[in-house]
Every structure is written in structure tokens, then in C-alpha cells.
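**Student:**
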Amino acid sequence: MHSKDYFDRVADQWDSLQASFYSEKVRDRALATAAVRSGATAADIGCGSGFITEGLIRAGLRVIAVDQSEVMLTAMKRKFAGIAGVDYRCGEGEQLPIADDAVDYVFANMYLHHLEKPPIAIKEMARIVKPGGILVITDLDSHTFEFLRDEHRDRWLGFDRRDIRQWFREAGLGRVTVDCVGEQCCAQSDTGDESASVDIFVASGEK
Ligand SMILES: C[S@@+](CC[C@H](N)C(=O)[O-])C[C@H]1O[C@@H](n2cnc3c(N)ncnc32)[C@H](O)[C@@H]1O
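Now the structure itself:
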């Protein structure tokens with residue numbers, strides 16, 4: 727099953743699944759790393775049902791929320807009905823439906839490990855940030871839990887932080903940092919035989 731089919735299928739349960747995997751600490755850390763300013767514009771790539779967007783709206787930003795799954799975006803629209811400041815766009819990570827130099831910040835939480843070519847996706851996210859703007863990615867450190875490939879459609883079993891640093895630099899970003907969030911992503915296999923607990927990193931770079 728392609729990851730889009732998987733996320734279409736779980737869209738209506740994503741809020742509770744997400745809460746069982748990781749907490750709001752991940753979002754708080756991502757927003758703090760970028761030191762977001764009220765009134766600015768951010769993109770939330772692989773937005774799912776709006777975990778990162780929710781924090782950005784609360785902090786007074788406008789958000790362009792992008793996901794490959796129209797079903798996920800529909801669930802998100804339902805959740806944020808009546809809330810202004812969110813522009814929903816269905817699109818693919820390697821060709822984002824956003825102009826060059828358009829936003830002050832780009833966030834991508836638990837998105838990168840679903841992609842075929844993460845370095846291309848990082849370049850594409852760097853493309854849409856204004857000069858002086860910041861890209862923040864929160865994702866999993868390297869791990870060995872194969873069941874996440876089959877059951878959650880993960881393509882990458884996390885990342886080596888050295889690769890993340892290199893990909894940010896190759897995308898033309900400076901002041902690159904990769905740090906621990908101080909929290910694990912936790913998941914139980916469907917059979918109940920295995921449980922994963924994987925450290926989460928926060929990476930940032932400035933264009
Ligand atoms: C694990 S979920 C994370 C959702 C959200 N960021 C969160 O923290 O709850 C990954 C999301 O990325 C989206 N996604 C995966 N591959 C994508 C791609 N190639 N282009 C756009 N979105 C993609 C999925 O549809 C899904 O909504």
C-alpha cells in the first residue's frame with residue numbers, strides 16, 4: 727500500500743494515533759527552535775490533521791498547510807472550521823504547490839521518513855522559504871523497527887543526523903543545527919510483539 731492510501735485510511739483517527747506516538751512537546755520544541763513571530767507566514771508540510779498548524783495559529787501566524795492526502799486535509803478543515811488564517815493545499819513533497827521565497831518558516835513533523843528522496847524534499851522546502859527564513863524538521867533518529875515499514879508505511883528507519891546536516895547544507899541552508907527534542911516516538915506493533923521507542927531530533931537551518 728502506498729503511504730497516501732495508508733494516510734487516507736487513518737485520516738479520521740490521526741489525532742488520537744498521533745497523540746499515542748508523541749506529545750505536544752515536539753511541536754513546542756519545533757516552534758521554539760524557529761523562534762516564530764506573530765504575524766509571519768509559515769508552511770506546514772505533510773501537515774496531516776494539523777498538529778503543527780495548531781501551534782502556529784495559536785502563536786498568531788498564517789499557515790499554508792500541504793499534504794498529499796485530500797482525506798487528511800478534509801479532516802483538518804473539519805477540525806479548524808471557523809478558524810481563519812489557514813490555506814489548505816493538496817500537493818506532493820517533491821513539487822510543493824507554493825512559490826519560491828514565499829514563507830518565513832517551513833515546518834515538517836514526522837514527514838521526511840515517508841519520502842522516497844529526502845534530500846530532494848529538503849531542497850524543495852528550502853526553495854519556498856524567504857531569504858533569512860527558517861526550515862525546521864522534526865523526525866526520528868536511526869532505528870531498527872522494521873514493523874514501522876509494513877504497518878505505518880515508513881520508507882526510512884529514521885535518519886543519521888550527519889545525513890540531515892549534509893542535506894540541509896546541500897539545500898543552501900546555513901546555521902544548521904540538529905539537536906534532541908528530549909522525547910521518544912512510541913508505537914506498538916499490530917501483533918503486540920514489538921514496541922518501538924525512538925529518539926526524536928529537531929533540525930533547523932536558515933536560508
Ligand atoms: C506521520 S504523518 C505526520 C502528520 C503531521 N505532520 C503530524 O505531526 O501529525 C505524515 C504526513 O505526511 C504526508 N505525506 C507523506 N508523504 C508525502 C508526500 N510525498 N507529499 C506530501 N505529503 C506527504 C502524509 O499524507 C501524512 O499526512
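Per this note's numbering, the very first residue in the sequence shown carries number 727; after that it's consecutive.
Ideal Cβ positions, reconstructed from N, Cα and C, are used throughout, including at glycine.
For residue 864, does the count of other Cβ atoms within 10 angstroms reach 16, so buried, or fall short, so exposed?
**Tutor:** Numbered from 1 along the sequence shown, position 138 holds the residue referred to as residue 864. Around the beta carbon of residue 864, a 10 Å sphere encloses 16 or more other beta carbons of the protein chains shown; the residue is thus reported as buried.
**Student:** With a 10 Å radius around its C-beta and 16 neighbouring C-beta atoms as the bar for buried, classify residue 751 as buried or exposed.
**Tutor:** Taking the first residue of the sequence shown as position 1, residue 751 is located at position 25. Result: exposed.
**Student:** Between the alpha carbons of residue 847 and residue 732, how many angstroms are there, rounded?
**Tutor:** Translated into positions along the sequence shown, residue 847 becomes position 121. Translated into positions along the sequence shown, residue 732 becomes position 6. If I take the Cα positions, the gap works out to 20 Å.
**Student:** Apart from the five residues just before and just after residue 915, which ones in its own chain have a Cβ nearer than 6 Å to its Cβ?
**Tutor:** In the sequence shown, residue 915 corresponds to position 189, counting from 1. Same-chain partners within the cutoff: 873.
**Student:** Please classify residue 813 as buried or exposed, where buried requires at least 16 other C-beta atoms within 10 Å of its C-beta.
**Tutor:** Against the sequence shown, residue 813 aligns to sequence position 87. Exposed: under 16 other Cβ atoms inside 10 Å.
**Student:** Please return the same chain residues whose Cβ sits closer than 8 Å to the Cβ of residue 823, not counting the five positions on each side in sequence.
**Tutor:** Here residue 823 is taken as the residue at index 97 of the sequence shown, counted from 1. Around residue 823: 792, 815, 816 and 817.
**Student:** With DSSP as the reference, label residue 806 as helix, strand or coil.
**Tutor:** The sequence position of residue 806 within the sequence shown is 80, counting from 1. Three-state result, residue 806: coil.
**Student:** Three-state secondary structure (DSSP) at residue 762?
**Tutor:** Here residue 762 refers to the residue found at position 36 when the sequence shown is read from its first residue. Assigned with DSSP and collapsed to three states, residue 762 falls in coil, not helix or strand.
**Student:** Between the alpha carbons of residue 932 and residue 853, how many angstroms are there, rounded?
**Tutor:** Taking the sequence shown and counting its residues from 1, one reaches residue 932 at position 206. Taking the sequence shown and counting its residues from 1, one reaches residue 853 at position 127. When rounded, the separation of the alpha-carbon atoms in residue 932 and residue 853 is 12 Å.
**Student:** Taking Cβ positions, are residue 831 and residue 767 nearer each other than 9 Å?
**Tutor:** Locating residue 831 in the sequence shown gives position 105, counting from the first residue. Locating residue 767 in the sequence shown gives position 41, counting from the first residue. Yes.
**Student:** In the DSSP assignment, the alpha helix (DSSP H) including residue 811 goes from what residue to what residue?
**Tutor:** Translated into the one-based positions of the sequence shown, residue 811 becomes position 85. That residue, residue 811, is in no alpha helix (DSSP H); it is neither H nor E in DSSP.
**Student:** Three or more C-beta pairs closer than 8 Å, one from the region 837 to 844 and one from the region 880 to 892: is that the case here?
**Tutor:** yes
**Student:** Assuming residue 785 contacts residue 862 (C-beta within less than 8 Å), just tell me the rounded distance between them.
**Tutor:** In the sequence shown, the residue the question calls residue 785 occupies position 59. In the sequence shown, the residue the question calls residue 862 occupies position 136. The pair is not a contact, with the Cβ atoms about 13 Å apart (cut-off 8 Å).
**Student:** Measuring only the C-alpha atoms, how far is residue 918 from residue 805?
**Tutor:** As a working mapping, residue 918 is identified with position 192 in the sequence shown. As a working mapping, residue 805 is identified with position 79 in the sequence shown. Whole-angstrom Cα-Cα distance: 31 Å.
**Student:** Can we count residue 769 as close to ligand 1, meaning its CB is less than 8 Å from some heavy atom?
**Tutor:** The residue labelled residue 769 in the question sits at position 43 within the sequence shown. For ligand 1, not one heavy atom lies less than 8 Å from the Cβ of residue 769.
**Student:** If we call anything under 9 Å between Cβ atoms a contact, is residue 935 one with residue 738?
**Tutor:** Here the chain comprises residues numbered 727 to 933, so residue 935 is not present and cannot be evaluated.
**Student:** Closest to residue 749 by CA distance: which of 876, 835 and 885 is it?
**Tutor:** Here residue 749 corresponds to residue number 23 of the sequence shown, with the count starting at 1. Measuring from the Cα of residue 749, the nearest candidate turns out to be 835.
**Student:** Label residue 913 either buried or exposed according to how many other C-beta atoms from any shown protein chain fall within 10 Å of its C-beta, with 16 as the threshold for buried.
**Tutor:** The residue you call residue 913 lines up with position 187 of the sequence shown. So residue 913 ends up on the buried side.
**Student:** Would you check if the distance between the CB atom of residue 923 and the CB atom of residue 910 is smaller than 9 Å?
**Tutor:** In the sequence shown, residue 923 corresponds to position 197, counting from 1. In the sequence shown, residue 910 corresponds to position 184, counting from 1. Contact: yes.
**Student:** Taking the C-alpha atoms as reference points, what is the distance between residue 825 and residue 860?
**Tutor:** Stepping through the sequence shown from its first residue, residue 825 is reached at position 99. Stepping through the sequence shown from its first residue, residue 860 is reached at position 134. Cα-Cα distance, rounded: 16 Å.
**Student:** List, from N- to C-terminal side, the beta strand (DSSP E) runs of 3 residues or more that fit wholly inside the region 816 to 878.
**Tutor:** 829 to 835 and 855 to 866
**Student:** Ligand 1 and residue 744: does any heavy atom of the ligand fall closer than 8 Å to the residue's C-beta?
**Tutor:** As a working mapping, residue 744 is identified with position 18 in the sequence shown. Yes, the Cβ of residue 744 comes within 8 Å of a heavy atom of ligand 1.
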